[in-house]
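Just add 26 to wherever you are in the sequence shown, counting from 1, and you've got our numbering.
Have a look at the structure below before the remarks.
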Amino acid sequence: MDSEEDDEVLPDYREPRTVCHLCGGVGEIAHPVLGVLGGVPRTVNAGRVCYLCDGDSALPGLCPPL
Numbered sequence: 027m028d029s030e031e032d033d034e035v036l037p038d039y040r041e042p043r044t045v046c047h048l049c050g051g052v053g054e055i056a057h058p059v060l061g062v063l064g065g066v067p068r069t070v071n072a073g074r075v076c077y078l079c080d081g082d083s084a085l086p087g088l089c090p091p092l
């Protein structure tokens, strides 16, 4: 085995986790804002951290979507 494989730290998830329903597991939600690029007004998608999962992209436990 390589020493890199031995040094690899894996997350220790012992409880079930659910993909975040708000961000879909991305960790960010869309925040469209108006931006001017090259003198042309456009919609720019500036992502912000998901407030439901705090950017973890998963919720602890089994959470059905409501």
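We treat Cβ as the ideally placed atom computed from N, Cα and C, and that holds for glycine.
Computed from a predicted structure; not experimentally measured.
Handout entry: Nonlocal neighbours in the same chain, by C-beta distance under 6 Å from residue 70, ignoring five residues either side
Key = 59, 61
Handout entry: For residue 52, the three-state DSSP class (helix, strand or coil)
Key = coil
Handout entry: Residues bridged to residue 85 (per DSSP)
Key = 44
Exercise for the section: Identify, in the order they occur along the chain, each residue of the same chain with its Cβ nearer than 8 Å to the Cβ of residue 83, setting aside the five sequence neighbours on each side. Expected result: 45, 46, 49, 51, 52, 53, 76
Problem - Distance, residue 57 Cα to residue 91 Cα - result: 22 Å
Practice task
Excluding the 5 residues preceding and the 5 following residue 87 in the sequence, name in chain order all residues of the same chain whose CB lies nearer than 8 Å to its CB.
Solution key: 41, 42, 43, 44
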